[in-house]
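Chains as they are written, first to last, in this note's numbering: chain A, 1 to 185; chain B, 186 to 492.
Here is the structure:
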């Protein structure tokens, strides 16, 4: 039996309320931070976290562990709901300037995947800017799905070194991509 | 190489891994709010995707229909396939005829019989008696007896369903006995499927739920049967898949306390283990907490098997 995200969601599906608490503890800071950044509103971000996790509890079958991590699945849901919250707010608001800034494509569907808004090249360019060792670590971790232990094994380095190498790469990518990721919101 | 997160959408994985940098501790009040909202939207305990609850009588009726469908498919040669102990399929159905007769006696709708007897020994004569009969006669007698059970129990009122009856060294309500009979019949249906090369078939989720409930509730009895009582111990049993659920189960029929051990397993595999058709080591259970206690709980569950 899967012992990672799949097991956690299987427990959720089995009606184990302790699993929703564990998922909250593991992912709520990530979801809350993501939603706050998108909405700029702490209350709206709380609502997003509640909606995302309640929907996971009521429809656990929508998460397929073979298609990606629970973090990415929840991240996509949170992003969509946060964007919806912003849209609702924009519609309610009479502040035209804010409306123009946040919703230049009013009426058009919001993009919800990196691929769909042309960021692929930007992200790839950013990865290519990394030193070779860090670039390889990122490729193994995110494109080939290696765990940190596997990463260390493939690169022939201690696990701690693999971890810090990946962390350094993530920090650089975060810095370089932050403006673009913000645009996505 | 095993994968932590499949590279199906690597950029999305990367994007949200990077977004962890923005993680922010939410207000303390959000946690109970989310949990309460979730539990309001779907009550805990019952597995998602489980059909609406059915009565034990309906569960028994469905199990008999399913069993009958398999018997109806069998060729004459297949009826004589060795299936269990020293029995071929016809003998096994004879065993079920014997059990059904005893059930009728216990219900007061059949001739008086000694029903508080060993499950296998007391039906062996019925099993062996099939050897000189046509398979269609064996099939028809089993079907008729089962239909009488359904017809009788489907009109019982609450008192009638909760009346205690004794069979095979245990006493329980008519309703629970019907679930136990469903459990046994499903197990033997799978025996026949295995013996004849047919794919195994899990019960529908509503029937499975009746079976998982009764199996978990019987864990203290199973532990007593293997002489490993567990006073004041509590297991959290999480059975996954439709028909499963989550139980905070006292192992001595008392009030459940804090979790001593958590056992997570597939609901159908768990039932196959309870029927002694799978070993505890083979059900791929995930255990956290007291592992020795888990081993005893699983051994006790397996001891519940009738044959």
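Cβ atoms here follow ideal geometry from the backbone N, Cα and C, with glycine treated the same way. Source: prediction; values computed, not measured.
Under 8 Å between C-beta atoms of residue i and residue j
| i | j | result |
| --- | --- | --- |
| residue 445 of chain B | residue 470 of chain B | no |
| residue 372 of chain B | residue 462 of chain B | yes |
| residue 159 of chain A | residue 149 of chain A | yes |
| residue 14 of chain A | residue 225 of chain B | no |
| residue 458 of chain B | residue 434 of chain B | no |
| residue 77 of chain A | residue 222 of chain B | no |
| residue 308 of chain B | residue 283 of chain B | yes |
| residue 198 of chain B | residue 72 of chain A | yes |
| residue 246 of chain B | residue 335 of chain B | yes |
| residue 9 of chain A | residue 70 of chain A | yes |
| residue 346 of chain B | residue 369 of chain B | no |
| residue 26 of chain A | residue 423 of chain B | no |
| residue 404 of chain B | residue 482 of chain B | yes |
| residue 312 of chain B | residue 280 of chain B | yes |
| residue 234 of chain B | residue 454 of chain B | no |
Coil, strand or helix - residue i by DSSP
| i | result |
| --- | --- |
| residue 397 of chain B | helix |
| residue 171 of chain A | helix |
| residue 267 of chain B | strand |
| residue 130 of chain A | coil |
| residue 385 of chain B | coil |
| residue 249 of chain B | helix |
| residue 322 of chain B | helix |
| residue 63 of chain A | coil |
| residue 111 of chain A | In this prediction, residue 111 of chain A has a pLDDT of 43, which is less than 50 and means its spatial position is unreliable; nothing more can be read from the coordinates. |
| residue 357 of chain B | strand |
| residue 220 of chain B | helix |
| residue 116 of chain A | Note that residue 116 of chain A scores a pLDDT of 41, beneath 50, so its modelled location is shaky; the value from the coordinates is reported in the next line. Three-state result, residue 116 of chain A: helix. |
| residue 15 of chain A | coil |
| residue 122 of chain A | helix |
| residue 468 of chain B | coil |
| residue 256 of chain B | helix |
| residue 284 of chain B | helix |
| residue 94 of chain A | Residue placement at residue 94 of chain A cannot be trusted, given a pLDDT of 46 that sits under 50; the coordinates are not used to answer. |
Beta-bridge partners of residue i, as assigned by DSSP
| i | result |
| --- | --- |
| residue 432 of chain B | B:422 |
| residue 473 of chain B | B:447 |
| residue 231 of chain B | B:430 |
| residue 215 of chain B | Note: residue 215 of chain B sits in no beta bridge, so no partner. |
| residue 272 of chain B | B:269 |
Opening and closing residue of the beta strand (DSSP E) in which residue i lies
| i | result |
| --- | --- |
| residue 349 of chain B | 349 to 352 |
| residue 451 of chain B | 446 to 451 |
Under 7 Å from the C-beta of residue i: neighbouring residues of chain A
| i | result |
| --- | --- |
| residue 209 of chain B | 29, 32, 33 and 36 |
| residue 218 of chain B | 50 |
Residue i beta carbon near the ligand PLP (any heavy atom closer than 7 Å)
| i | result |
| --- | --- |
| residue 459 of chain B | Absence of the ligand PLP is noted for the structure shown, with no ligands found whatsoever. |
Extent of the continuous alpha helix (DSSP H) run through residue i
| i | result |
| --- | --- |
| residue 403 of chain B | It is not in any alpha helix (DSSP H) - residue 403 of chain B carries neither H nor E in the DSSP assignment. |
| residue 154 of chain A | 148 to 155 |
| residue 53 of chain A | 42 to 58 |
| residue 311 of chain B | 309 to 314 |
| residue 196 of chain B | 195 to 204 |
Contacts of residue i in chain A (Cβ-Cβ under 8 Å)
| i | result |
| --- | --- |
| residue 457 of chain B | Within chain A, no residue comes near residue 457 of chain B; the closest Cβ sits about 15 Å away, beyond 8 Å. |
Under 9 Å from the C-beta of residue i: neighbouring residues of chain B
| i | result |
| --- | --- |
| residue 58 of chain A | 223, 226, 227 and 233 |
Beta-carbon neighbours of residue i, restricted to chain B and to distances below 8 Å
| i | result |
| --- | --- |
| residue 54 of chain A | 219, 222, 223 and 226 |
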